[in-house]
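Undergrad: So that we are looking at the same thing, I have put the structure below in structure tokens.
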Amino acid sequence: MSQPSIFKRALDRVTHKRSIGFGLEHIGLTTLRHPKIVALLVVLLSIATFSQLPKANVDGDLLRVFAHSGDHYDAYEDLSRTFGTFENDIYVMVTADRLVEPEVLEEIRSLAFELELNEFVTGTMSPFTMRTPTWDGSSVPAVPEDMLTPDEVAMTLMDLQQFDPMMRNLITPDLDGVVLIVFTDKDMVSEHGAPAMIASLRESLALYESADIQTEVTGPPIWTGEMVNASVSDQIKFTIWGFALGAVIAFATLRSFWGALLVAATPFVAVSWTMGAALYFFGSFTFLTIIVTTLVLVISFAEAMFFIFNWLGYWRDGMEPNEAVDATVKLVGPAAALTMLTTFVSFASLSLTPGQGIREFSIAGAMGTFLLFVCLMTFLPLLLKLAIKLGFTPPKRYSRALTAPLPLSWKLANKFGRPISVAAIVVTLLLLIPYALIKPHFSFEDFMAKDSMALATAESIDEGVGGVAPLYVRIGLADPGDGLSDRDFTKIQTVHAITEKHVGENKVISAASVTEYAAAGLTHDELFESVGPFMQRRFINEEGSQALVTGFIPTIIQSDALQDMVDAMQADFRAAGIDDATVGGFRVLATLATDDIVRGLQLDLTLSVLINLALIGFAFQSFRVALASAIPNLFPILATEAWLYFSGAGLQLTTVIALTIAFGIAVDDTVHFLSHYLHARRAKGLEHKEAVKHTIDRIGGAIIATTIILCAGVFIVVFSDLPQVALFGTLFVGTLAFALIGDLFILPALLVAGGKFFQPLGKISVQLGEEAGSNMDAHAPDLKSATNPKP
8 MSQPSIFKRA
18 LDRVTHKRSI
28 GFGLEHIGLT
38 TLRHPKIVAL
48 LVVLLSIATF
58 SQLPKANVDG
68 DLLRVFAHSG
78 DHYDAYEDLS
88 RTFGTFENDI
98 YVMVTADRLV
108 EPEVLEEIRS
118 LAFELELNEF
128 VTGTMSPFTM
138 RTPTWDGSSV
148 PAVPEDMLTP
158 DEVAMTLMDL
168 QQFDPMMRNL
178 ITPDLDGVVL
188 IVFTDKDMVS
198 EHGAPAMIAS
208 LRESLALYES
218 ADIQTEVTGP
228 PIWTGEMVNA
238 SVSDQIKFTI
248 WGFALGAVIA
258 FATLRSFWGA
268 LLVAATPFVA
278 VSWTMGAALY
288 FFGSFTFLTI
298 IVTTLVLVIS
308 FAEAMFFIFN
318 WLGYWRDGME
328 PNEAVDATVK
338 LVGPAAALTM
348 LTTFVSFASL
358 SLTPGQGIRE
368 FSIAGAMGTF
378 LLFVCLMTFL
388 PLLLKLAIKL
398 GFTPPKRYSR
408 ALTAPLPLSW
418 KLANKFGRPI
428 SVAAIVVTLL
438 LLIPYALIKP
448 HFSFEDFMAK
458 DSMALATAES
468 IDEGVGGVAP
478 LYVRIGLADP
488 GDGLSDRDFT
498 KIQTVHAITE
508 KHVGENKVIS
518 AASVTEYAAA
528 GLTHDELFES
538 VGPFMQRRFI
548 NEEGSQALVT
558 GFIPTIIQSD
568 ALQDMVDAMQ
578 ADFRAAGIDD
588 ATVGGFRVLA
598 TLATDDIVRG
608 LQLDLTLSVL
618 INLALIGFAF
628 QSFRVALASA
638 IPNLFPILAT
648 EAWLYFSGAG
658 LQLTTVIALT
668 IAFGIAVDDT
678 VHFLSHYLHA
688 RRAKGLEHKE
698 AVKHTIDRIG
708 GAIIATTIIL
718 CAGVFIVVFS
728 DLPQVALFGT
738 LFVGTLAFAL
748 IGDLFILPAL
758 LVAGGKFFQP
768 LGKISVQLGE
778 EAGSNMDAHA
788 PDLKSATNPK
798 P
């Protein structure tokens, strides 16, 4: 009987043993036993997922991130249903140096009326749609149409800008521009899409642009469009460059074009499966879920590299190449399954925090993690066996750059294991202090595309007139009905004044905005009628039971400042005896909900760490293994959070997600290290220190290669046009770099320093294939002579 057959029988005898992969490696064993059936299933799954790819689209709606996140979101939804809001309005900034020239003013009036006729528009608010109450109870246009001279125009606009509370938010103080607020038709936008609506509005505006008149548009729909464009650009850029970098690194590592192609094929299939599945379940990507494709890309590159490293290692040791594929599946499969589970747990833990966007990211990531493991256990073994049939030969040697740090790793662990271990433990414990002190942080501009013209326009509106970011105060009315009673009107006036105190003078509109005309002898109802029916619905609901006061805050405002403003306003409302006033709006929702979400994600991160460490200990049936993995994996997470704390960046939405996922991935190399260490102790019979050195020499290069691939692939994210996504990439790469230090220098030092503590690990037997590994080692010389592999 041939030696390869002996080896195969040895492998088969141990397939019943409990494995650290919890039996998930049987997906790979099924591939080995029934390759044709599995190949057919791979093809069918590929067809099903690939068919979804033409439907790929990105939803840039930020509200989707916070949907169903708790009380703040529910209050915002109720507010939108009751009054409608300014959140979907478009602001047009019209600038004209010769605005006071009658002919220029009339051209802008025509522009405003042209916008009202647009099919996507239900109404507008501008200086030309506003009306002024008269002595007889009627109203006239606030900006008359029959003005003849620049002086007359200037005097009229200046009077309106200084004394009319509504006009203060629509006419710039230096009389060189006006703001037109466009109220969009939700049904039309839903049917034809926001891009079509924006294009239609820009087309209408283009008819009036000239040397005298310039226009800029801004507002949430424009910001969303910019986010979508940036996300699409990111997806294309990340996918192309991620594949290119991964393939280049694989080529430089393996020194083989065909070897690099084998490594790159698995990520291509895994990413396609993940994208297709995400589109099938969610219908579109968000700026968060689109990150999942990049993560799956780099993780699958790393796992494929690790798989092929082991396959080529067995082949070079003298095993027949097809047997080497089988051995890799059976010996590496359990460790790969456990690494998949740790990453899966990290993604899944995020779903405990409410919020549609977070849960979609969590589900997409968990789904992608499982699919890439399935791809690794089915597609890659089949591909390698096909490559063998086509005549693939192994490269002669790896790049020396991968093994350069390994002698230093062993030298430091062997000579300075104890001081390094003590230092690592002390530093990790000290890093728990900033971990406990760090606070959530929300910055609206971090969600916007870099160099956003719409954001710049919004800031110019903030400086000149009211502002683009609305803040709402909702109150109940004591006397519902057709008109406003005196006490309800007084209540609105009080809330209006308090809101203006905190938001800024002339930055608030409400049913009390035209009170200065009361001296003309008009009633409350007559004053209210002067704003027109459209604006009336923005001030008082149809039943007359609730009123809305709207303040316009700066587009860019720090979360702490907004939180303090809301708290101070609510305190003043209570002091004035108004207990039913609630402050809301998208900016308030985003700030307060982000605070809750980030705190929840921080707990998810803690839970993920504990579960993954417990999972490792349970898989290896040893709490000593769990302890050995704790410090090298806690250190990178805590070090990154310490940097966030001392830099003042705080915890943001994507930072906690990045740390959680990076931890799940960082654990992978630790699992592979410990798995090989225990295999060396049990199957090879090596002593404690010899096993540590053997593990460093055997897989140290693979750990470095996979980390380089992960960091290089995700580093592309740093160049995203969306600051939140760029920050995700920065923290992810930083955490993995710290994790490499943990696995190459801290973990070996801990193992060496704790010799007596870890000595019993050589007696445990939990990894599938150890007996086979022992047989392979014993028969390696015979296998080499029997199989005579190609160089």
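First residue of the sequence shown? That's 8 in the working numbering, and the numbers climb one at a time after it.
For glycine and all other residues, C-beta sits at the position ideal for the given N, C-alpha and C.
(1) Taking the alpha-carbon of F423 as reference, which of E159, A633, L757 and L612 has the nearest alpha-carbon?
(2) Give, in chain order, every unbroken run of the beta strand (DSSP E) that is at least 3 residues long and sits entirely within the segment 436 to 507.
(3) Taking the alpha-carbon positions, what's the S800 to G372 distance?
(4) By Cβ distance below 7 Å, which residues in the same chain neighbour D68 in space, the five residues on each side in sequence not counted?
(5) When you compare the CB positions of G592 and P477, do they come within less than 7 Å of one another, or not?
(6) DSSP three-state label for P109, please.
(7) For Y287, report the span of its beta strand (DSSP E) as first-last.
(8) DSSP puts M100 in a beta bridge; with which residues?
(9) Below 7 Å CB to CB, which residues in the same chain sit around L645 once its five sequence neighbours on both sides are set aside?
(10) Just to confirm the assignment: which complete beta strand (DSSP E) runs, minimum length 3, are found wholly within the segment 134 to 178?
(11) Which term fits H41, buried or exposed, when burial requires 16 or more other beta carbons within 10 angstroms of its beta carbon?
(12) Grab me the residues of Q221's own chain with a C-beta within less than 7 Å of its C-beta, minus the 5 sequence neighbours each way, in chain order.
(13) Run through the DSSP bridge pairs and tell me what F308 is partnered with.
(14) Quick check on M132: does DSSP put it in helix, strand or coil?
(15) In this structure, what does DSSP give as the bridge partners for Q553?
(16) Between the segment 328 to 343 and the segment 292 to 300, can you find at least three pairs of beta-carbon atoms closer than 8 Å?
(17) What residue range is occupied by the uninterrupted alpha helix (DSSP H) comprising T400?
(18) To the nearest whole angstrom, what separates the beta carbons of V674 and S629, a pair I think is in contact under 8 Å?
(19) Would you identify the three-state DSSP class for L693, choosing helix, strand or coil?
(20) Hey, quick one: how far does the beta strand (DSSP E) through V196 stretch, first residue to last?
(21) Tell me whether N64 is buried or exposed, calling it buried when 16 or more other Cβ atoms sit within 10 Å of its Cβ.
(22) Can you round the beta-carbon distance between L738 and L666 to whole angstroms, since I take them to be within the 8 Å contact cut?
(23) Going by alpha carbons, who is nearest to T350 out of E233, E694, T677 and A201?
(24) In chain order, what residues of the same chain lie with their CB nearer than 7 Å to the CB of I5, ignoring the 5 residues before and after it?
(25) Pick from P341, R71 and E159: whose alpha carbon is nearest that of I34?
(26) I'd like to know whether the C-beta atoms of G195 and F127 end up nearer to each other than 7 Å.
(27) Taking the alpha-carbon of F3 as reference, which of I229, F380 and I315 has the nearest alpha-carbon?
(28) In three-state DSSP terms, what is T589?
(29) Determine whether the beta carbon atoms of T301 and V663 lie at a separation below 7 Å.
(30) Rounded to the nearest angstrom, what separates I13 and G30 at their Cα positions?
(31) Could you tell me the boundaries of the alpha helix (DSSP H) in which S216 lies?
(32) Look at the alpha carbon of P561 and the alpha carbon of F735, and state the distance between them as a whole number of angstroms.
(33) Report back the beta-carbon spacing between G253 and P402 to the nearest angstrom; my notes put them in contact at under 8 Å.
(34) Report buried or exposed for A600, applying the criterion of at least 16 other Cβ atoms within 10 angstroms of its Cβ.
(35) Rounded to the nearest angstrom, what separates A588 and G483 at their Cα positions?
(36) Report yes if the CB atom of T136 is closer than 7 Å to the CB atom of W280, and no otherwise.
TA: According to the data block:
(1) In the sequence shown, counting from the first residue as 1, residue 423 sits at position 416. Out of E159, A633, L757 and L612, L757 has the C-alpha closest to the C-alpha of F423.
(2) The qualifying runs are 476 to 483.
(3) The chain is shown from 8 up to 798; residue 800 falls before or after that span and cannot be answered.
(4) On the sequence shown, residue 68 is found 61 positions in, with the first residue counted as 1. Cβ neighbours of D68 beyond the five flanking positions: T231.
(5) Along the sequence shown, read from residue 1 onward, the residue named residue 592 stands at position 585. Along the sequence shown, read from residue 1 onward, the residue named residue 477 stands at position 470. Against a cut-off of 7 Å, the Cβ pair of P477 and G592 comes out as a contact.
(6) Here residue 109 is taken as the residue at index 102 of the sequence shown, counted from 1. Reduced to three states, the DSSP call for P109 is helix.
(7) By one-based count along the sequence shown, residue 287 stands at place 280. Element bounds for Y287: not the beta strand (DSSP E) but the alpha helix (DSSP H), F264 to F289.
(8) Locating residue 100 in the sequence shown gives position 93, counting from the first residue. BP columns for M100 point to V186 and E223.
(9) The residue given as residue 645 occupies position 638 in the sequence shown. Counting only residues of its own chain and dropping the five nearest sequence neighbours on each side, L645 has a CB closer than 7 Å to the CB of T435, L438, L439 and Y442.
(10) 138 to 140 and 146 to 148
(11) The residue given as residue 41 occupies position 34 in the sequence shown. H41 should be labelled exposed.
(12) Reading the sequence shown from its first residue, position 214 is the one you call residue 221. Excluding positions up to five away in sequence, the list reads T102.
(13) The sequence position of residue 308 within the sequence shown is 301, counting from 1. DSSP output for F308 lists no bridge partner at all.
(14) Here residue 132 is taken as the residue at index 125 of the sequence shown, counted from 1. M132 falls in the strand class under three-state DSSP.
(15) Reading the sequence shown from its first residue, position 546 is the one you call residue 553. G483, per the DSSP bridge assignment.
(16) no
(17) Position 393 of the sequence shown, counted from the first residue, corresponds to residue 400. That residue, T400, is in no alpha helix (DSSP H); it is neither H nor E in DSSP.
(18) Here residue 674 refers to the residue found at position 667 when the sequence shown is read from its first residue. Here residue 629 refers to the residue found at position 622 when the sequence shown is read from its first residue. Contact flag wrong, Cβ pair sits at about 16 Å.
(19) Stepping through the sequence shown from its first residue, residue 693 is reached at position 686. Three-state result, L693: coil.
(20) As a first step, residue 196 is located in the sequence shown; it is residue number 189 there, counting from the start. No beta strand (DSSP E) contains V196, which is instead part of the alpha helix (DSSP H) from K193 to H199.
(21) Taking the sequence shown and counting its residues from 1, one reaches residue 64 at position 57. Per the 10 Å Cβ criterion, exposed.
(22) Within the sequence shown, the letter at position 731 stands for residue 738. Within the sequence shown, the letter at position 659 stands for residue 666. Going by Cβ atoms, the distance from L738 to L666 rounds to 7 Å, so yes, they are a contact pair.
(23) Position 343 of the sequence shown holds residue 350. Of E233, E694, T677 and A201, the residue nearest in Cα terms is T677.
(24) The structure shown does not extend to residue 5, since the chain is modelled only from 8 through 798, so no value can be given for it.
(25) As a first step, residue 34 must be located in the sequence shown, where it is residue number 27. For I34, the closest alpha carbon among the candidates P341, R71 and E159 is that of P341.
(26) Counted from its first residue, the sequence shown places residue 195 at position 188. Counted from its first residue, the sequence shown places residue 127 at position 120. Reading the sequence as shown, one finds Met at residue 195 and not Gly. In this structure, F127 lies closer than 7 Å to M195 by Cβ.
(27) Nothing about residue 3 can be read from this structure; the chain reaches only from 8 to 798.
(28) Against the sequence shown, residue 589 aligns to sequence position 582. Correct three-state label for T589: strand.
(29) Position 294 of the sequence shown, counted from the start, is the residue given in the question as residue 301. Position 656 of the sequence shown, counted from the start, is the residue given in the question as residue 663. It is not a contact, given that the beta carbons lie outside the stated cut-off.
(30) Here residue 13 refers to the residue found at position 6 when the sequence shown is read from its first residue. Here residue 30 refers to the residue found at position 23 when the sequence shown is read from its first residue. Caution applies to I13, whose pLDDT of 44 falls short of 50 and renders its modelled position unreliable; the model cannot decide the point.
(31) Here the question's residue 216 lines up with position 209 in the sequence shown. Residue identity check: residue 216 is Glu in the sequence provided, not Ser. No alpha helix (DSSP H) holds E216; DSSP gives it neither H nor E.
(32) Taking the first residue of the sequence shown as position 1, residue 561 is located at position 554. Taking the first residue of the sequence shown as position 1, residue 735 is located at position 728. Straight across, the Cα-Cα distance linking P561 with F735 is about 26 Å.
(33) Counting from 1 along the sequence shown, the entry for residue 253 is found at position 246. Counting from 1 along the sequence shown, the entry for residue 402 is found at position 395. Beta-carbon to beta-carbon, G253 and P402 are separated by about 17 Å, too far to satisfy the 8 Å threshold.
(34) Locating residue 600 in the sequence shown gives position 593, counting from the first residue. Classification for A600: buried.
(35) Here residue 588 refers to the residue found at position 581 when the sequence shown is read from its first residue. Here residue 483 refers to the residue found at position 476 when the sequence shown is read from its first residue. Whole-angstrom Cα-Cα distance: 8 Å.
(36) By one-based count along the sequence shown, residue 136 stands at place 129. By one-based count along the sequence shown, residue 280 stands at place 273. Not a contact, by the Cβ cut-off of 7 Å.
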